[in-house]
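Right, one structure below, let's go through it.
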Amino acid sequence: MRAAPNAGIIGGMLALAVSVGALAAAAQEPAPTGNYGGGAVVDPPKDVYGAGNLSISLRATPNRPVQILANWGARCGGPFIKAVSSVGADGSFVASATDTQRGSGSRTRTKYKIAGTITGARAGGTASARSTFTRRGGRARHCKSGEIAWGARRATGELGTPGATPPGSRLYGNTNTIYGGRRHAIVLRISDDGTTVTRALYSLNLKCGGSSFPTSDAPHRNLTIGPGGQVSDIEHFSAKLDRRTRLRSVERFSGTVGSAGASGTLSIKARLIDIPSGHTFRHCRTGKVTWAAAL
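What follows is the structure, given as structure tokens:
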């Protein structure tokens with residue numbers, strides 16, 4: 053009579069087969085690809101450009117490195133950080149370094165850490181930064197962002213049911229403008245009763261003469277969501293930059309929000325005015341920018 057097979061051996065072989073199958077499935081899982089955008093935006097009355105705010109975008113490529121563009125809110129100003137990080141098999145990544153950026157008579161040195169995970173059309177994680185801003189002949193200013201929890205989406209522009217945005221939700225996405233190969237980000241915060249966009253924050257490129265640079269902007273807070281999901285805002289802004297120069301700008305923001313996402317347009321037109329003569333000596337503009345965000 054042939055001996056009965058050993059149950060332990062059979063169980064071990066079955067477990068091995070399952071493990072091998074799982075590893076093969078994981079190996080065949082496609083790497084995340086595409087543009088992800090979002091960040092975090094605080095509730096009023098906190099400053100929309102202060103600590104706790106973040107815009108972040110990710111450009112995931114098939115060979116797994118992720119390109120990152122991040123801008124933190126901070127009292128002494130946060131630079132735009134471009135970083136690259138490898139992505140693990142589980143979609144996780146970490147980027148940590150010290151970045152130094154120089155301006156006209158100034159220097160900003162920022163130590164940052166960005167950690168996150170990309171899963172399908174979603175991404176999320178934490179980010180923090182400490183900056184030291186030094187102007188020639190002045191005292192150094194220090195500021196920190198604190199640890200910020202952020203979200204991002206690979207938004208398609210799908211709206212779902214217009215006007216039916218879930219109360220208290222956040223929407224994350226990108227604009228169609230690019231800086232350093234990464235698309236700029238946008239994040240919107242919906243009120244707890246679902247009737248207003250309490251805050252929105254986005255980044256974009258501003259062109260002044262022959263120069264172009266990234267900047268952050270925000271519409272007015274508490275924008276009413278119309279019956280069809282429409283939101284709109286026009287802001288006329290004026291500021292005296294120094295004793296000879298005044299900035300005047302017109303900032304436009306509009307869109308439609310729905311049960312699955314939102315999309316719209318935004319723009320900035322600005323001019324620099326010589327105060328003594330009243331003459332405009334420089335024009336700045338973004339052009340018409342489109343954006344899309346998802347839940």
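For the sequence shown, my numbering begins at 53 and goes up steadily by one. Even for Gly, the Cβ is constructed at its ideal location relative to N, Cα and C.
Could you compute how far the alpha carbon of residue i sits from the alpha carbon of residue j?
| i | j | result |
| --- | --- | --- |
| W124 | G220 | 23 angstroms |
| S255 | A141 | 30 angstroms |
| R241 | T229 | 21 angstroms |
| P117 | L110 | 10 angstroms |
| R296 | V302 | 21 angstroms |
| G102 | S197 | 8 angstroms |
| D294 | K340 | 29 angstroms |
| A179 | A344 | 23 angstroms |
| R191 | L347 | 43 angstroms |
Can you tell me whether residue i is buried or exposed? The criterion is at least 16 other CB atoms within 10 Å of its CB, across all chains shown.
| i | result |
| --- | --- |
| G63 | Residue confidence is low: G63 scores 37 on pLDDT, short of 50, so the model does not pin down where it sits. Its coordinate-derived value is still stated next. G63 should be labelled exposed. |
| V249 | buried |
| A149 | exposed |
| F333 | exposed |
| H236 | buried |
| P97 | exposed |
| R206 | buried |
| G130 | buried |
| L181 | The question names Leu, yet the displayed sequence has Ala at residue 181. The residue is buried, with at least 16 neighbouring Cβ atoms inside 10 Å. |
| F145 | buried |
| G313 | buried |
| P328 | exposed |
| T171 | exposed |
| P39 | Past the boundaries of the shown model lies residue 39; the chain is included only from 53 to 347, so the question cannot be answered. |
| F289 | exposed |
| S156 | exposed |
Comparing alpha-carbon positions, which option in the options lies nearest residue i?
| i | options | result |
| --- | --- | --- |
| R234 | V136, A126, A346, C128 | V136 |
| S268 | K292, A112, N115, L121 | L121 |
| R154 | I242, G225, R188 | R188 |
| I284 | A291, K292, L293, R273 | Correcting the residue type first, residue 284 is Ser in the shown sequence and not Ile. Comparing Cα positions, the closest option is R273. |
| N226 | A83, I108, D245, F289 | I108 |
| C195 | T169, L253, T213, S183 | S183 |
| T160 | G168, A179, F185, I325 | F185 |
| S263 | T85, T338, L293, R304 | T338 |
| G168 | R222, P84, R323, P114 | P84 |
Taking a contact to mean a Cβ-Cβ separation below 9 angstroms, would you say residue i touches residue j in this structure?
| i | j | result |
| --- | --- | --- |
| G281 | C336 | no |
| C128 | R193 | yes |
| V139 | L253 | no |
| G90 | I238 | yes |
| T317 | I277 | no |
| V309 | T217 | yes |
| G176 | I166 | no |
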